[in-house]
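Notes follow once the structure below has been shown.
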Amino acid sequence: MADVGDNERTESKRRLIESVYPSHDIFKEKGGITSLQFHEDDDGQKSHNGLPDTLSEMSPFKPFRTNYKCSVCFILSFLGLILGIILLVLLDPLVNNILAHKMAIVQNREGRRFWQNPPATIHRKMYIWHCTNPIAVQNGAIPELVERGPYVYREEWNRSSITYSDGFDRLSYIPSTTLYFDRNQSIGPDDEYVSVINVPLMAMAYEVQFYSKEMQEGINFFIELLETQLFVNVTVKQLMEGYTDPLIETASKVKPGVLKDDKFGILQARNTSYYQNFTIQTGINDITQVAKIITFNGVSTLNYWSTPQANMLNGTDGSLFPPNLKKDKKVYSYSADMCRSYYLSFLRERKDGYVTLYDYHLSADVFNMSREENRGFCGHGPCLGDGVLNISTCYLGVWGFISSPHFFQADEKFRQDVHGMQPNKNKHAFIMSFDPVTSVPFDVNVRLQLSFYMPNIKKLHLLKSVKPIIMPIVWFDDEARLTPKIHRLLSIILVSLDVASYIKFILPSLSLLLVTLTSLYIFFQWRRSQREVLNSKVLLVNRVNENEDV
Numbered sequence: 001m002a003d004v005g006d007n008e009r010t011e012s013k014r015r016l017i018e019s020v021y022p023s024h025d026i027f028k029e030k031g032g033i034t035s036l037q038f039h040e041d042d043d044g045q046k047s048h049n050g051l052p053d054t055l056s057e058m059s060p061f062k063p064f065r066t067n068y069k070c071s072v073c074f075i076l077s078f079l080g081l082i083l084g085i086i087l088l089v090l091l092d093p094l095v096n097n098i099l100a101h102k103m104a105i106v107q108n109r110e111g112r113r114f115w116q117n118p119p120a121t122i123h124r125k126m127y128i129w130h131c132t133n134p135i136a137v138q139n140g141a142i143p144e145l146v147e148r149g150p151y152v153y154r155e156e157w158n159r160s161s162i163t164y165s166d167g168f169d170r171l172s173y174i175p176s177t178t179l180y181f182d183r184n185q186s187i188g189p190d191d192e193y194v195s196v197i198n199v200p201l202m203a204m205a206y207e208v209q210f211y212s213k214e215m216q217e218g219i220n221f222f223i224e225l226l227e228t229q230l231f232v233n234v235t236v237k238q239l240m241e242g243y244t245d246p247l248i249e250t251a252s253k254v255k256p257g258v259l260k261d262d263k264f265g266i267l268q269a270r271n272t273s274y275y276q277n278f279t280i281q282t283g284i285n286d287i288t289q290v291a292k293i294i295t296f297n298g299v300s301t302l303n304y305w306s307t308p309q310a311n312m313l314n315g316t317d318g319s320l321f322p323p324n325l326k327k328d329k330k331v332y333s334y335s336a337d338m339c340r341s342y343y344l345s346f347l348r349e350r351k352d353g354y355v356t357l358y359d360y361h362l363s364a365d366v367f368n369m370s371r372e373e374n375r376g377f378c379g380h381g382p383c384l385g386d387g388v389l390n391i392s393t394c395y396l397g398v399w400g401f402i403s404s405p406h407f408f409q410a411d412e413k414f415r416q417d418v419h420g421m422q423p424n425k426n427k428h429a430f431i432m433s434f435d436p437v438t439s440v441p442f443d444v445n446v447r448l449q450l451s452f453y454m455p456n457i458k459k460l461h462l463l464k465s466v467k468p469i470i471m472p473i474v475w476f477d478d479e480a481r482l483t484p485k486i487h488r489l490l491s492i493i494l495v496s497l498d499v500a501s502y503i504k505f506i507l508p509s510l511s512l513l514l515v516t517l518t519s520l521y522i523f524f525q526w527r528r529s530q531r532e533v534l535n536s537k538v539l540l541v542n543r544v545n546e547n548e549d550v
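In terms of the UniProt record's numbering, the sequence shown has 514 at position 514, counting the first letter as 1, and numbering is strictly consecutive.
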């Protein structure tokens with residue numbers, strides 16, 4: 001009877017358990033003995049007594065087995081997180097290493113090709129200050145100036161006698177420029193006449209003012225004999241390429257070495273001439289030093305100015321610049337037109353299509369002679385005011401001055417001394433637009449004005465009545481634009497780098513978010529399964545206990 005009672009209780013428990021786990025036949029009878037048996041699942045896996053099935057419900061990996069999309073999402077997110085971290089850590093160093101390798105000025109690298117043959121169209125636009133009242137000026141009137149131009153010259157740059165030294169860390173070369181008049185882009189032909197100040201006369205006057213009274217009288221007689229005038233009427237071509245004048249030969253004797261080939265021309269020293277010798281760094285060992293000037297014409301410092309700081313050779317030769325520009329850093333370069341090193345300051349950030357460019361400009365501080373750092377640029381005489389640079393020690397031996405066109409950013413007195421000045425920052429500012437990653441100039445407008453000092457010298461008849469002023473003669477805009485092919489190629493590369501720079505932040509952030517959400521989903525699914533199993537166990541135990549009580 002006891003066995004019968006036990007069997008009845010066992011059968012009762014079996015029915016109760018099956019009511020909780022109806023899919024499991026965990027009690028089987030074998031040889032008349034009821035015992036726990038192995039159970040074979042639908043997938044062929046065996047579990048013991050139903051307990052492993054119950055534990056599997058509690059496994060945190062159940063969502064992976066039951067939800068394929070969840071599994072794929074977690075794996076892809078995790079891989080994306082790893083890739084994003086790799087990009088975040090390695091992208092910038094990788095790009096910098098590639099730039100350092102490509103931009104060094106050595107054979108078979110892009111830096112050498114770009115430096116030697118710039119892939120850009122380069123034009124020098126000349127604007128001539130034509131004087132409409134030359135006789136009145138000689139008698140003391142204010143000059144009435146009219147801007148004539150542009151007269152456009154296409155520039156071709158060449159670098160010859162290239163030699164390497166110091167293990168390819170240094171490069172020496174001779175630059176030259178060839179100019180071709182471009183009638184199609186010019187306002188008119190170069191045989192048009194203009195009236196400009198007589199620069200050879202100014203060269204003579206600069207020296208004659210220190211001569212004795214007797215010498216000055218002799219010069220007066222000679223000037224009158226040659227019928228020399230304060231202003232000369234010459235064609236644009238003559239003014240640019242050089243013209244002869246009876247006074248020029250005499251001026252050359254008075255100031256030897258000032259005028260070459262018995263001619264004077266604004267572009268004479270620039271056109272098809274080899275007038276400089278540079279030694280620069282190639283950047284092969286340190287790309288931050290690429291194109292940095294080591295020596296100019298064989299010397300490491302200039303001798304034009306009155307202080308060591310002013311005579312320093314700072315920056316590059318203007319052909320290449322170190323990559324990775326920073327807005328708070330200045331861009332240094334040397335200018336043969338200014339006879340000095342100068343710097344450009346960050347002006348603004350702008351878009352050229354999809355490419356981000358940094359505009360740098362020649363700030364007013366560069367020609368601000370009131371600043372202590374610029375005192376050395378006054379030469380060995382007094383400064384005449386802010387906004388003009390006295391280049392008499394390196395240009396023609398006369399009082400020549402460089403400024404921004406129309407005396408832009410200069411003292412008001414210079415604009416009041418002549419009529420016709422209309423400064424406009426959009427037309428007359430010196431601006432270079434760089435890609436900040438490669439530092440390649442996309443757009444260049446080097447705008448400068450050349451003027452000459454017209455002194456009042458009582459002993460010289462032509463100058464005894466004039467007002468001493470700085471007389472503009474010409475201003476120019478050296479304009480350079482990348483060729484369309486190179487512009488497109490660089491734009492594609494730079495846009496790709498921009499996209500990659502965004503991806504390196506977005507990818508790990510998004511992947512981390514997805515990994516977190518997937519992990520939370522797994523956790524809550526596991527907790528839900530755990531609660532369901534535990535609740536089932538409690539229900540099972542309660543029913544068994546209730547049955548025993550009955």
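All residues carry an ideal CB built from backbone N, CA and C; glycine is no exception.
Candidates the options, of which the one nearest residue i by Cα
i: VAL123; options: GLU479, ASP498, SER172 and SER491; result: Contrary to the premise, residue 123 reads as His rather than Val in this sequence. Nearest of GLU479, ASP498, SER172 and SER491 to HIS123, Cα basis: GLU479.
i: GLU241; options: ARG481, ASP190 and GLN209; result: ASP190
i: ASN117; options: LEU320, VAL137 and GLN276; result: LEU320
i: ALA120; options: TYR395, LEU513, SER519 and ARG481; result: ARG481
i: VAL466; options: ARG109, ALA136, LEU520 and PHE524; result: ALA136
i: LEU171; options: ILE86, PHE296 and LEU90; result: PHE296
i: LYS263; options: GLU156, VAL106, ILE85 and LEU201; result: LEU201
i: ASP166; options: ARG154, ILE248 and ILE284; result: ILE284
i: VAL236; options: SER195, MET204, VAL418 and ALA205; result: SER195
i: LYS504; options: CYS73, VAL72, ASP92 and ILE75; result: ASP92
i: ALA291; options: ASN311, GLY318, LEU520 and TRP305; result: GLY318
i: LYS458; options: TYR395, ASP435 and ALA205; result: ALA205
i: residue 556; options: PHE346, GLN281, SER212 and ILE469; result: Residue 556 falls outside the range modelled here, since the chain spans only 1 to 550, and no answer is possible.
i: ARG350; options: TYR453, PHE430 and PHE434; result: PHE434
Beta carbon of residue i nearer than 9 Å to that of residue j
i: PHE231; j: LEU357; result: no
i: PRO129; j: MET432; result: Looking at the sequence itself, residue 129 is Trp, so the reference to Pro does not match. Taking 9 Å as the Cβ cut-off, TRP129 and MET432 do not qualify as a contacting pair.
i: GLY400; j: LEU462; result: no
i: PHE414; j: GLY387; result: yes
i: HIS406; j: ASN426; result: no
i: LEU490; j: VAL440; result: yes
i: ILE294; j: GLY315; result: no
i: ARG348; j: TRP305; result: no
i: PRO382; j: LEU87; result: no
Buried or exposed by the 16-neighbour rule on C-beta atoms within 10 Å, applied to residue i
i: ASN390; result: buried
i: THR307; result: exposed
i: GLU29; result: Any reading at GLU29 needs caution, since the residue's pLDDT is 43, under 50, leaving its predicted position unreliable; the model's value is listed next. GLU29 should be labelled exposed.
i: LYS46; result: Confidence at LYS46 is low in this model, with a pLDDT of 45, below 50, so its placement is unreliable and the value that follows should be read with caution. By the neighbour-count rule (16 or more Cβ atoms within 10 Å), LYS46 is not buried but exposed.
i: VAL146; result: exposed
i: ASN198; result: buried
i: GLN416; result: exposed
i: ASN139; result: exposed
i: MET338; result: buried
i: LEU460; result: buried
i: ARG527; result: exposed
i: GLU218; result: Note that residue 218 is Gly in the sequence shown here, rather than Glu. By the 10 Å Cβ count, GLY218 comes out exposed.
i: SER370; result: exposed
i: SER392; result: buried
i: PHE114; result: buried
i: GLU155; result: buried
i: ASP328; result: exposed
i: ILE75; result: exposed
Contacts around residue i, its chain only, beta-carbon distance under 7 Å, and the 5 residues preceding and following it disregarded
i: VAL474; result: MET126, TYR127, ILE128, TRP129, ILE266 and LEU450
i: LEU344; result: LYS330, VAL331, TYR360, HIS361, LEU362 and MET432
i: VAL437; result: PRO323, ASN324, LEU494 and LEU497
i: ILE506; result: none
i: GLN209; result: PRO455 and ILE457
Short CB-CB distance (under 9 Å) between residue i and chain B
i: TRP399; result: Within the model displayed, chain B is absent; a lone protein chain is all it includes.
Sequence-distant residues of its chain with Cβ nearer than 6 Å to residue i (five each side left out)
i: SER403; result: GLY387, VAL388, ALA410 and GLN449
i: SER511; result: SER77, GLY80, LEU81 and GLY84
i: THR163; result: SER172
i: LEU51; result: Here the model assigns LEU51 a pLDDT of 43, short of 50, so the residue's position is not dependable and the matter cannot be decided.
i: ILE469; result: ASP417 and MET454
Other residues of its chain near residue i: CB distance less than 8 Å, five sequence neighbours each side excluded
i: ILE187; result: ARG148, GLY149, PRO150 and TYR151
i: GLN309; result: GLU373 and GLY376
Threshold first: 3 residues or longer. Then list the beta strand (DSSP E) segments lying entirely within the segment 437–462, N to C.
441–454
Considering only residues of the segment 383–416, which uninterrupted beta strand (DSSP E) runs meet the minimum length of 3 residues and lie entirely inside it, listed in chain order?
388–390 and 400–403
If we require 4 or more residues per run, which alpha helix (DSSP H) segments fall completely within the segment 92–163?
110–116 and 134–138
Which ranges does the beta strand (DSSP E) cover as unbroken runs of at least 3 residues, wholly within the segment 283–354, from first to last along the chain?
Here the runs fully enclosed are 293–296, 331–335 and 340–352.
Which parts of the segment 198–267 are runs of the beta strand (DSSP E), unbroken and 3 residues or longer, counting only runs that do not cross its ends?
231–235
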